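First up is the structure itself, then whatever we jot down about it.
In the UniProt record's numbering, the protein residues as written are 1 to 165.
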């Protein structure tokens with residue numbers, strides 16, 4: 001990853017085609033820049049995660065952050081853990097897309113704590129957004145697309161609310 005020099009990415013994400021291959025795209029968000037792409041097998045360069053992998057990563061990261069925040073609030077010592085999310089298309093299914101999330105704890109955890117953490121995982125802000133639906137507004141040029149307020153602060157506040165019992 002490299003530092004971002006795109007002022008438009010201060011409160012949002014900016015995607016720009018790199019000109020390398022059909023799919024390779026430069027993503028700029030706050031101070032960070034990385035590539036997204038499609039696998040070589042489907043005509044990409046294989047130089048970064050796919051858009052669906054980024055969506056899966058958003059859910060995995062938010063889940064991990066929210067669980068750690070909840071455990072800190074409760075004074076719990078959590079064993080090391082990982083969150084794995086995989087996107088699946090369900091032919092003929094309603095909804096068509098499914099995200100399968102697996103939380104793996106690498107040490108002992110009482111069953112009641114496991115159940116509570118699974119409940120909290122379902123309250124993480126990205127999970128709520130995905131299952132609750134959201135509106136996407138598309139514009140060409142103007143108007144300004146950046147929402148009021150700092151999205152990083154809003155996400156942290158939403159994680160805090162998710163941890164409320």
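Just so it is clear, CB atoms sit at the ideal spot from N, CA and C, and this is done for glycine as well.
On a predicted model such as this, the values are computed, not experimentally measured, just so you know.
The distance from the Cβ of residue 101 to that of residue 63 is about 7 Å, consistent with a contact at the 8 Å cut-off. Under the three-state reduction of DSSP output, residue 33 falls in the strand class. In the three-state reduction of the DSSP assignment, residue 136 falls in the coil class. Under the DSSP assignment, residue 17 falls in the beta strand (DSSP E) whose first and last residues are 13 to 17.
With contact defined as three or more Cβ pairs closer than 8 Å, the segment 115 to 125 and the segment 87 to 96 are not in contact. In terms of CA proximity to residue 52, 86 leads the group 86, 74, 23.
Relative to the Cα of residue 60, the nearest Cα in the group 24, 108, 124 belongs to 124.
Residue 158 and residue 54 have their C-alpha atoms spaced approximately 20 Å apart.
Beta-bridge annotation (DSSP): residue 103 is paired with 83.
Here residue 38 carries a coil assignment [DSSP, helix/strand/coil]. Listed in chain order, the non-local C-beta contacts of residue 98 below 6 Å within the same chain comprise 88, 90, local neighbours out to five positions each way being set aside.
Straight through space, the alpha carbons of residue 57 and residue 32 are spaced by roughly 16 Å.
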